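Data first, discussion second: the structure below is written as structure tokens.
Residue numbers (this note's numbering): 50 to 721.
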């Protein structure tokens with residue numbers, strides 16, 4: 050990357066003086082007219098071509114490609130400084146922010162009508178609030194499109210192009226970019242630019258009046274002075290030809306803002322240019338996430354690859370006369386079915402089903418209620434009967450389809466049962482189990498298969514909630530430990546596996562998780578062996594032999610006693626006990642703890658910081674455990690109220706407070 054502080058005048062000259070050859074043979078400025086339209090509010094988007102920058106400054110073009118997010122901000126600042134000079138007419142259609150800024154400027158002029166203290170709005174308000182345009186970069190024509198599988202960690206922060214098919218598109222929603230607050234005491238306004246999907250709202254007023262008078266003004270968010278932009282999230286999946294044989298297609302999340310929204314829909318084949326970025330989180334969520342981070346692509350340009358194909362199909366549409374002649378044929382249904390994969394002999398019924406899959410499945414809306422009319426086809430058969438060939442042929446015929454293939458699995462994935470990812474922490478597992486267990490409990494859900502689903506949910510949670518079993522499942526695909534047993538006849542050795550199903554049943558796991566203490570009984574019965582031999586010749590055991598057999602147990606017991614004696618007592622306790630009576634508190638977070646009377650504090654600041662860090666860790670662990678117990682108790686009350694249909698108990702459960710959770714959130718907010 051070049052120097053952070055660049056020559057802004059050089060960038061201004063490029064935007065004003067860069068010219069291209071027109072069809073008439075004249076020179077025309079490419080960006081000056083667009084900037085003038087932006088200044089007059091006739092245009093909202095400016096796209097800068099990397100190839101144009103490369104003709105003037107190749108090093109700058111490479112720097113933009115390598116660190117596009119930073120240079121987007123720099124170019125936006127340059128353009129914002131140029132707009133007042135390019136504005137040549139008055140704005141006719143003013144938006145809410147224009148009226149808001151004019152009103153605030155007029156109020157400031159009235160307050161300072163005798164002085165010259167009225168400030169320029171560009172210096173008073175943040176740049177993000179005053180900016181009314183969107184800046185995007187177009188990648189170089191020599192840059193090839195990557196597949197989702199080829200995007201690696203070394204592409205973070207770079208401008209890349211990715212090809213794929215859209216599999217999901219959310220609704221377009223407003224996303225706040227600048228939050229405006231008003232103080233309830235001094236009336237001052239505070240602005241907070243938002244650069245991430247989540248933010249912590251400001252609470253205390255930072256104005257000079259409130260700080261000087263120590264009035265403690267509280268801020269309240271006002272939507273009238275805040276700025277919102279359009280936001281849409283889409284997911285793309287790599288093409289079939291980009292997926293190795295036997296692998297599952299990978300997907301990528303795309304963030305679209307402003308004019309890049311509503312361009313594509315599920316099923317479209319697209320080429321997207323954007324910045325590959327990590328999804329940064331703050332506070333407690335980042336602490337639980339650790340060093341892992343989700344990624345997304347911030348879209349700068351979206352190109353529909355199948356638009357030309359749709360136009361060709363529209364040109365080849367049949368007229369009414371041709372359709373009438375076609376429908377007059379008697380064997381039309383059979384001819385259409387046999388035209389599917391004609392190189393494959395037979396399978397007439399299967400081809401007819403696939404034909405109905407292609408042309409059927411329209412949406413029905415009787416009485417205004419939408420009924421899904423999609424057709425699903427499942428092909429089962431012996432290997433080598435052209436199942437995959439038929440489906441791949443249908444995939445080539447359909448405009449919006451995606452053919453996938455993957456490794457076979459004989460069991461259902463436990464993560465899919467709970468609906469979580471493989472990197473989900475323990476809290477997400479418990480949350481998913483709580484939701485599914487309450488939904489599929491046999492006493493509540495009377496649908497067919499609810500009992501089997503409830504058992505499968507309990508088994509999945511019992512395996513994934515155990516760190517050892519989860520590690521084995523992630524490594525081998527099953528939580529099983531090989532155990533060896535020898536038969537008493539023939540000297541043959543057998544192997545059997547145990548996956549832990551006999552630890553707890555699904556009902557017992559449910560009762561333990563939700564704190565239900567209903568009557569449960571469990572009987573263990575050992576299966577009687579058909580061939581049991583009793584030997585009486587060696588019934589009398591030697592005392593010395595028995596002692597030798599018990600000697601390892603005595604040895605382990607002795608080691609445990611010695612280890613207990615060697616363990617040192619902790620240096621502090623969070624609660625007052627008989628030995629820990631002297632009260633102390635940490636320097637920064639003011640956490641109180643107790644030490645012994647002969648406690649010697651650390652001598653250096655580094656040792657004291659390390660000691661107080663251990664106190665803070667113990668404090669967070671303690672209140673986190675208390676918060677978890679309070680939440681479990683409250684949720685168990687809600688569950689019992691629903692099961693017993695008790696409105697009073699349900700009301701009491703919702704009124705149940707969780708003070709430890711409140712204390713934990715306040716601590717993380719103040720000191721995270």
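In this text, a Cβ means the ideal position worked out from N, Cα and C, and glycines have one as well.
Predicted model only: the values in this text are computed from it and were never measured.
Straight-line Cα distance separating residue 97 from residue 641: 58 Å
Backbone secondary structure at residue 118 - three-state DSSP: helix
CA-to-CA distance, residue 316 to residue 273, given in whole angstroms: 38 Å
7 Å Cβ shell around residue 712 - same chain, five flanking residues per side excluded: 672
Distance, residue 402 Cα to residue 540 Cα: Legend: pLDDT at residue 540 = 38, less than 50; position of this residue unreliable, no value from coordinates given.
Pairwise C-alpha distance: residue 477 and residue 469: 7 Å
Which of helix, strand or coil DSSP assigns to residue 713: helix
C-beta contact flag for residue 209 and residue 226 at 8 Å: no
First through last residue of the alpha helix (DSSP H) which encompasses residue 376: 369 to 376
Same chain, Cβ closer than 8 Å to residue 405, five either side skipped, listed in chain order: 424
Element boundaries [alpha helix (DSSP H), containing residue 91]: No alpha helix (DSSP H) contains residue 91, which DSSP labels as neither H nor E.
Cβ shell of residue 450 (< 8 Å), same chain only, five flanking positions each side left out: 316, 443 and 444
Residue 679 to residue 705 span [Cα, whole Å]: 9 Å
Contacting residues, own chain, Cβ-Cβ under 8 Å from residue 353 (five flanking each side not counted): 312, 313, 317, 318 and 319
Length-filtered (4 minimum) alpha helix (DSSP H) runs lying within the stretch 257 to 307: 257 to 262
Beta bridge counterpart(s) of residue 318 as assigned by DSSP: 214
CB-CB length for residue 176 against residue 126, believed under 8 Å: 7 Å
Assumed close pair residue 95, residue 87 - CB separation to whole angstroms, cut-off 8 Å: 6 Å
8 Å Cβ cutoff met for residue 89 and residue 143: no
Buried or exposed (CB count within 10 angstroms, at least 16 for buried), residue 257: exposed
Coarse secondary structure for residue 78, derived from DSSP in three states: strand
Unbroken beta strand (DSSP E) run spanning residue 177, endpoints: That residue, residue 177, is in no beta strand (DSSP E); its alpha helix (DSSP H) goes 176 to 179.
Where residue 186 sits in the DSSP three-state scheme: strand
Selected residue, minimal CA-CA separation from residue 638, among 246, 623 and 665: 665
Residues near residue 92 in its chain [Cβ-Cβ closer than 7 Å; skip 5 each side]: 83 and 86
Supposed close pair residue 347, residue 304 - CB separation, criterion 8 Å: 5 Å
Inter-residue spacing [alpha-carbon to alpha-carbon] between residue 110 and residue 198: 26 Å
Span of the beta strand (DSSP E) around residue 352: 344 to 353
Where residue 633 falls: helix, strand or coil (DSSP): strand
Check whether residue 128 and residue 218 have beta carbons under 8 Å apart: no
Min CB distance residue 144 to chain B below 8 Å: Judged by its chain identifiers, the structure shown contains no chain B, having just a single protein chain.
Length of the line joining the Cα atoms of residue 675 and residue 685: 15 Å
Beta-carbon proximity list for residue 223, same chain, < 8 Å, skipping 5 on both sides: 277, 278, 279 and 280
DSSP state of residue 105 mapped onto helix, strand, coil: helix
Residue range of the beta strand (DSSP E) that includes residue 224: 222 to 232
Reference residue 505, options 467, 634, 250 and 116, closest by Cα: 467
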